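Residue numbers (the numbering used here): -12 to 64. Note that CB positions come from ideal geometry on N, CA and C, so glycine has one too. Given the structure is predicted, the values throughout are model-derived calculations rather than measurements.
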């Protein structure tokens, strides 16, 4: 574990919405000053040719639920 990874503390990850292959989670991240900040993380699932679903490597993070829900509803062209 790197120093940066050790410095980031997260807790209370909760699934709050799903749509198709996308989901958003609410979680708390501890800031260096000790304050817990509520954030939202998006998660995409990708269907592999062999039929397995895997999590996409990118996990966009949003400062509020409204932005997270906009991402959840967005359609790729």
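Using only the alpha-carbon positions, how far apart do residue i and residue j sit?
i: residue 55; j: residue 38; result: 28 Å
i: residue 40; j: residue 48; result: 21 Å
i: residue -5; j: residue 28; result: 15 Å
i: residue 34; j: residue 45; result: 15 Å
i: residue 1; j: residue 24; result: 14 Å
Please state the DSSP three-state secondary structure of residue i.
i: residue -3; result: strand
i: residue 56; result: helix
i: residue 64; result: Because residue 64 sits at a pLDDT of 39, beneath the cut-off of 50, its placement in the model cannot be relied upon, and the point is left open.
Over what stretch of residues does the beta strand (DSSP E) that includes residue i continue unbroken?
i: residue 11; result: 9 to 17
i: residue 51; result: Here residue 51 belongs to no beta strand (DSSP E), and DSSP marks it neither H nor E.
i: residue 29; result: 23 to 34
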